[in-house]
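Step one of this worksheet: look at the structure below.
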Amino acid sequence: MTVISAEKIQDSGLTTVSDVVRAISADNSGSIPTSFTAGFAGGAAGVALRGLTVNSTLVLIDGQRVANYALADDGERSFVDLNSIPVTAIERIEVLKDGASSLYGADAIAGVVNIILRRSYQGAQANAEIGTAQHGGGLRRRATVMGGTGDLDKDGHNIYFSAEFEGDNAIRSSQRGFPYNTSDLTRIGGNNLDIGDPSNRSGSTFGTVTPATLATPGDLLSGQAIEGALYQPLRPCGKNSKPVTTAAGSYCEQDPAALWGQIQPKSHRAGIYGRFTQKLGDSSQIYVDALYYEDKVTSTAPPPQIQANTPVNTNSIALPPTLADGSLNPNNPFAAQGQYALINYAFGDIAGGAQTANHNLRITSGVTSQWDDWHLQGHVVLNHTWLDVRNYGFLNYDQLIKAVNQGTYNFIDPSKNSGALLQTLAPVLDKRSTTDLDSLDVQGTRELMDLPGGELGLALGAQWRYEAQRDPSLNPGSAAQGLGNAKTIGRRNVSSLYAELDAPVLSTLEVDLSGRYDHYSDFGNNFSPKVGFKWQPIDKVAIRGTYSKGFRAPSFSENGSSSAEGFVTYTPPASFVAQHGGPTNGYVKPYGLAEFTTANPNIKPEKSRSYTLGVLVQPTDSISASVDYYDIKKTGVIAQQSPDTALAAYYAGQPIPAGYTIVLDSPDPAYPNAPARPLIVEAPYINQNSLRTKGIDVDVQGTFALAEDVKLTSEISATKILSWTETLADGTVQRFVGTHGPYALSSGAGTPRYRASWSNRVKFGPATITGTLYYTSGLYNSIPDYLPANVCYSTGNQGQNIPSNCRLASFTDFDLTGSYRLTEHIELTASVLNLFDRKAPLDTIDYATASNYNPTWNQPGAIGRFYTLGVRVKFQ
Numbered sequence: 016m017t018v019i020s021a022e023k024i025q026d027s028g029l030t031t032v033s034d035v036v037r038a039i040s041a042d043n044s045g046s047i048p049t050s051f052t053a054g055f056a057g058g059a060a061g062v063a064l065r066g067l068t069v070n071s072t073l074v075l076i077d078g079q080r081v082a083n084y085a086l087a088d089d090g091e092r093s094f095v096d097l098n099s100i101p102v103t104a105i106e107r108i109e110v111l112k113d114g115a116s117s118l119y120g121a122d123a124i125a126g127v128v129n130i131i132l133r134r135s136y137q138g139a140q141a142n143a144e145i146g147t148a149q150h151g152g153g154l155r156r157r158a159t160v161m162g163g164t165g166d167l168d169k170d171g172h173n174i175y176f177s178a179e180f181e182g183d184n185a186i187r188s189s190q191r192g193f194p195y196n197t198s199d200l201t202r203i204g205g206n207n208l209d210i211g212d213p214s215n216r217s218g219s220t221f222g223t224v225t226p227a228t229l230a231t232p233g234d235l236l237s238g239q240a241i242e243g244a245l246y247q248p249l250r251p252c253g254k255n256s257k258p259v260t261t262a263a264g265s266y267c268e269q270d271p272a273a274l275w276g277q278i279q280p281k282s283h284r285a286g287i288y289g290r291f292t293q294k295l296g297d298s299s300q301i302y303v304d305a306l307y308y309e310d311k312v313t314s315t316a317p318p319p320q321i322q323a324n325t326p327v328n329t330n331s332i333a334l335p336p337t338l339a340d341g342s343l344n345p346n347n348p349f350a351a352q353g354q355y356a357l358i359n360y361a362f363g364d365i366a367g368g369a370q371t372a373n374h375n376l377r378i379t380s381g382v383t384s385q386w387d388d389w390h391l392q393g394h395v396v397l398n399h400t401w402l403d404v405r406n407y408g409f410l411n412y413d414q415l416i417k418a419v420n421q422g423t424y425n426f427i428d429p430s431k432n433s434g435a436l437l438q439t440l441a442p443v444l445d446k447r448s449t450t451d452l453d454s455l456d457v458q459g460t461r462e463l464m465d466l467p468g469g470e471l472g473l474a475l476g477a478q479w480r481y482e483a484q485r486d487p488s489l490n491p492g493s494a495a496q497g498l499g500n501a502k503t504i505g506r507r508n509v510s511s512l513y514a515e516l517d518a519p520v521l522s523t524l525e526v527d528l529s530g531r532y533d534h535y536s537d538f539g540n541n542f543s544p545k546v547g548f549k550w551q552p553i554d555k556v557a558i559r560g561t562y563s564k565g566f567r568a569p570s571f572s573e574n575g576s577s578s579a580e581g582f583v584t585y586t587p588p589a590s591f592v593a594q595h596g597g598p599t600n601g602y603v604k605p606y607g608l609a610e611f612t613t614a615n616p617n618i619k620p621e622k623s624r625s626y627t628l629g630v631l632v633q634p635t636d637s638i639s640a641s642v643d644y645y646d647i648k649k650t651g652v653i654a655q656q657s658p659d660t661a662l663a664a665y666y667a668g669q670p671i672p673a674g675y676t677i678v679l680d681s682p683d684p685a686y687p688n689a690p691a692r693p694l695i696v697e698a699p700y701i702n703q704n705s706l707r708t709k710g711i712d713v714d715v716q717g718t719f720a721l722a723e724d725v726k727l728t729s730e731i732s733a734t735k736i737l738s739w740t741e742t743l744a745d746g747t748v749q750r751f752v753g754t755h756g757p758y759a760l761s762s763g764a765g766t767p768r769y770r771a772s773w774s775n776r777v778k779f780g781p782a783t784i785t786g787t788l789y790y791t792s793g794l795y796n797s798i799p800d801y802l803p804a805n806v807c808y809s810t811g812n813q814g815q816n817i818p819s820n821c822r823l824a825s826f827t828d829f830d831l832t833g834s835y836r837l838t839e840h841i842e843l844t845a846s847v848l849n850l851f852d853r854k855a856p857l858d859t860i861d862y863a864t865a866s867n868y869n870p871t872w873n874q875p876g877a878i879g880r881f882y883t884l885g886v887r888v889k890f891q
């Protein structure tokens, strides 16, 4: 168990539950940062202990479950949004780094994060803080207040409330230096991902056209450049563009990262929490509490391109010489010659971006009492979340074709386009998604008999809960161009019984046995046992270990009325490229392949077995150290059937295997008789893979009196992943430790082998200073789930490794915080996060919204040095 007290949270300088929990060294592969705004679950943040993704770590508040975020990560994995939990009322956070399905049920395969809120509070306190990044942007305003009255022992009751607000401004990519502010890495031999080059099927906001014909008469999507014709800008290159001339013609190049990129989205968090507790006699009490929290995240994105692959391929769209009314097309410079105009264009007058507003309303009530030798308690939880999503900048295909045919959109002078026209062409896409979790939990504990080491303890419990999710499609009918599609609808009832025996069989040996039986209305039953021991052969040394079985219930995305469509950057095989004239043909260059996955009502839960073995040494009362080894194996891992199987059959001219469907793109206008490229691969979720991870946790703590009024508290926490492997259904083994894999998972952030932190807190008189060092090891830029393990995926414009050693470097940053108590009631606070202004290492293959760095592990390095000042006032 790792315990993070409210005092440690204050000392860390971190202001959100997300930042605090994700800083734990055991958080690894699959962890979701708030900055990943382009993901399916944009705007939220989740923890992934042991690297087993966010759906294998259970998050609780006061030991009770929390409703999941209304959007699933990658359209599949359900998780709790850490950004929707208040910080002010936290007493401590307990992190159990071990399987715990025997007590808590599903999802506790990798561990449990239990956020304990204050049971009571007397007095009043307020805190105000302001902060800013040294290099610009990111202005933070934060305020909290808490007040309470009533002594439970003297008055028999307590009531308190807390409220908090935090607003963080966005940080634009243009506010940082190279390489975070650009999509063009040619200065270091990398690729140029600027927009505007028509040979790459991209257009700038100034557009390009070239004389064309239609490969299929009447089909404006089959534009084909006239042989020998040159590209030319639709209008002169202007501000924020660079004129470029090649043998194919001229165009205006723009850097999307510099113009529209973000390092940090704009965010607004506000919430209130209150609790009332009343004693009922000497041995009973009842409480009721309520929590409401809103987390709003606003992000920007580049404007939409006329070129898109789904639902309709518009890469070869051509402007007609005459409009629907028979007049010459003013947008087509070649209309007078009766020629079509093959166009590449970005709609600079249509802003791209998204806004998510997550609301978490949670009401709980409970009672504790004593009956005979039983200590009894019961809890009721009512938890409802609603998420409002608004997406901007996605073209409606029908309206796009209408605008092209009728000439209603002015490509030559976009300033003449009306707001009403732009709204019709790219309407705001919005939806409200919800989740519910209602539960009733009763527990009883008692001592049964004397054993040589103490009392034999028994705990019994029963739980009933209702879970539901309703996440409608943001893109019904796939009307919006280039937008993935996901919908999830499901509900179920869960009934559970659980028990635990704590047996101190000897004065030096304690054994713990527990088990839980769960019945799910949608897939059936599961039993999860666990056994643990602690042996203390000598006074200062303890050896401990556990063996457990666990499970993860299928999410509603996996077995409900659900489907999800996501995109991966896909490069066709060489034989296919040759059929289309070679790699210079834009049709065969890397493109967005859609993977469409449907729910499977017959899916089974994932199962796990895990064991731990460790030693705890405490030579003195003030020093302790522990080393623990873990080994977790998960079977029946739920995943989409590998699209590679269907793609290989398609390219070989063989029948598509059962269970798969391939939707083909429009024919290549330049080679209409060649095979069309795959556009969508459809397949259901199945229980197909297994994975295994092994690692070591180290924790060392010490408290030292350096002088009469000077105390040092030091703590080192570190996790080393020894192995993280996935075995596919065909027996293929993929090894991910120290690589960018699993690449299909949460932005391809990778699986660092080491994560560690070292905190030193010095308290002297009225002052406290804390320095915390964070370390994440580097990665080899390979993607074992896409390419052979020894192949470097990060390559430059000549195929060379970028960087030359093909590695994402390790990252270390240091935070310094301090406080000074002016009076009994007033305390000043300050912090400098990333004190030494360490830069995030170059990462060209992470596909989060960030540019050329890895926001999951290295976000502080892109933000840079960050200063805060605050004041805390207390009235006790």
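Each residue of the sequence shown is one higher than the one before, starting from 16 at the first, in our numbering.
Note that beta-carbon positions come from the ideal geometry of N, C-alpha and C, so glycine has one too.
If I'm right that residue i touches residue j with Cβ under 8 Å, what's the distance once you round it to whole angstroms?
{"i": "Ile145", "j": "Leu884", "result": "6 Å"}
{"i": "Gly90", "j": "Val69", "result": "The Cβ separation is near 13 Å, so there is no contact."}
{"i": "Gly651", "j": "Lys604", "result": "Wrong, their Cβ atoms sit about 38 Å apart, outside the cutoff."}
{"i": "Gly434", "j": "Gln458", "result": "At roughly 59 Å, the Cβ-Cβ gap does not stay under 8 Å, so Gly434 and Gln458 are not in contact."}
{"i": "Gly211", "j": "Ala316", "result": "With 8 Å as the limit, Gly211 and Ala316 do not qualify as a contact, their Cβ atoms being about 17 Å apart."}
{"i": "Arg853", "j": "Phe826", "result": "7 Å"}
{"i": "Ile287", "j": "Ala139", "result": "Not really, about 15 Å apart at Cβ, beyond 8 Å."}
Which of the three DSSP states, helix, strand or coil, is assigned to residue i?
{"i": "Ile647", "result": "strand"}
{"i": "Glu91", "result": "coil"}
{"i": "Ile878", "result": "helix"}
{"i": "Val32", "result": "helix"}
{"i": "Lys545", "result": "strand"}
{"i": "Thr742", "result": "strand"}
{"i": "Ser448", "result": "strand"}
{"i": "Pro491", "result": "helix"}
{"i": "Pro860", "result": "Correcting the residue type first, residue 860 is Ile in the shown sequence and not Pro. If DSSP states are grouped into helix, strand and coil, Ile860 belongs with coil."}
{"i": "Ser536", "result": "coil"}
{"i": "Lys604", "result": "coil"}
{"i": "Gly581", "result": "strand"}
{"i": "Asn873", "result": "helix"}
When the distance is taken between beta carbons, is residue j closer than 8 Å to residue i?
{"i": "Thr766", "j": "Phe751", "result": "yes"}
{"i": "Ser681", "j": "Ala691", "result": "yes"}
{"i": "Ala41", "j": "Asp712", "result": "yes"}
{"i": "Thr754", "j": "Ser797", "result": "yes"}
{"i": "Asn490", "j": "Asp537", "result": "no"}
{"i": "Ile878", "j": "Gln279", "result": "yes"}
{"i": "Asn347", "j": "Leu334", "result": "yes"}
{"i": "Arg284", "j": "Asp310", "result": "yes"}
{"i": "Ile39", "j": "Val110", "result": "yes"}
{"i": "Thr708", "j": "Ile647", "result": "yes"}
{"i": "Ile695", "j": "Val678", "result": "yes"}
{"i": "Thr325", "j": "Leu236", "result": "no"}
Report the option in the options whose CA atom is closest to the CA atom of residue i.
{"i": "Leu465", "options": "Val419, Gly341 and Ala518", "result": "Residue identity differs from the one stated: residue 465 is Asp in this sequence, not Leu. Of the candidates Val419, Gly341 and Ala518, the one whose C-alpha sits nearest the C-alpha of Asp465 is Ala518."}
{"i": "His222", "options": "Glu242, Ala361 and Ser342", "result": "Per the sequence shown, the amino acid found at residue 222 is Gly instead of His. The shortest Cα separation from Gly222 among Glu242, Ala361 and Ser342 belongs to Ala361."}
{"i": "Ser256", "options": "Leu235, Gly434 and Gly218", "result": "Gly218"}
{"i": "Thr627", "options": "Ala82, Pro588, Lys112 and Ser380", "result": "Lys112"}
{"i": "Ile784", "options": "Ser825, Leu743, Ser846 and Pro799", "result": "Ser846"}
{"i": "Ser576", "options": "Ala589, Gln594, Thr599 and Thr613", "result": "Thr613"}
{"i": "Ser20", "options": "Ile841, Ala85, Thr103 and Ala557", "result": "Thr103"}
{"i": "Lys545", "options": "Arg624, Ile677, Gly756 and Pro467", "result": "Arg624"}
{"i": "Ala141", "options": "Asn129, Val160 and Ile131", "result": "Val160"}
Taking 7 Å as the cut-off, is the beta-carbon of residue i closer than that to any non-hydrogen atom of the ligand SAH?
{"i": "Gln815", "result": "Absence of the ligand SAH is noted for the structure shown, with no ligands found whatsoever."}
Counting Cβ pairs, one atom from each stretch, are 3 or more of them under 8 Å apart for the region 151-169 and the region 221-235? When Cβ pairs closer than 8 Å are counted between the two stretches, the region 151-169 is seen not to touch the region 221-235, the count staying below three.
Is there contact here, the region 768-782 with the region 834-845, by at least three beta-carbon pairs under 8 Å? yes
Meets three-Cβ-pair contact criterion under 8 Å: the region 577-586 and the region 518-537: The region 577-586 vs the region 518-537: no contact.
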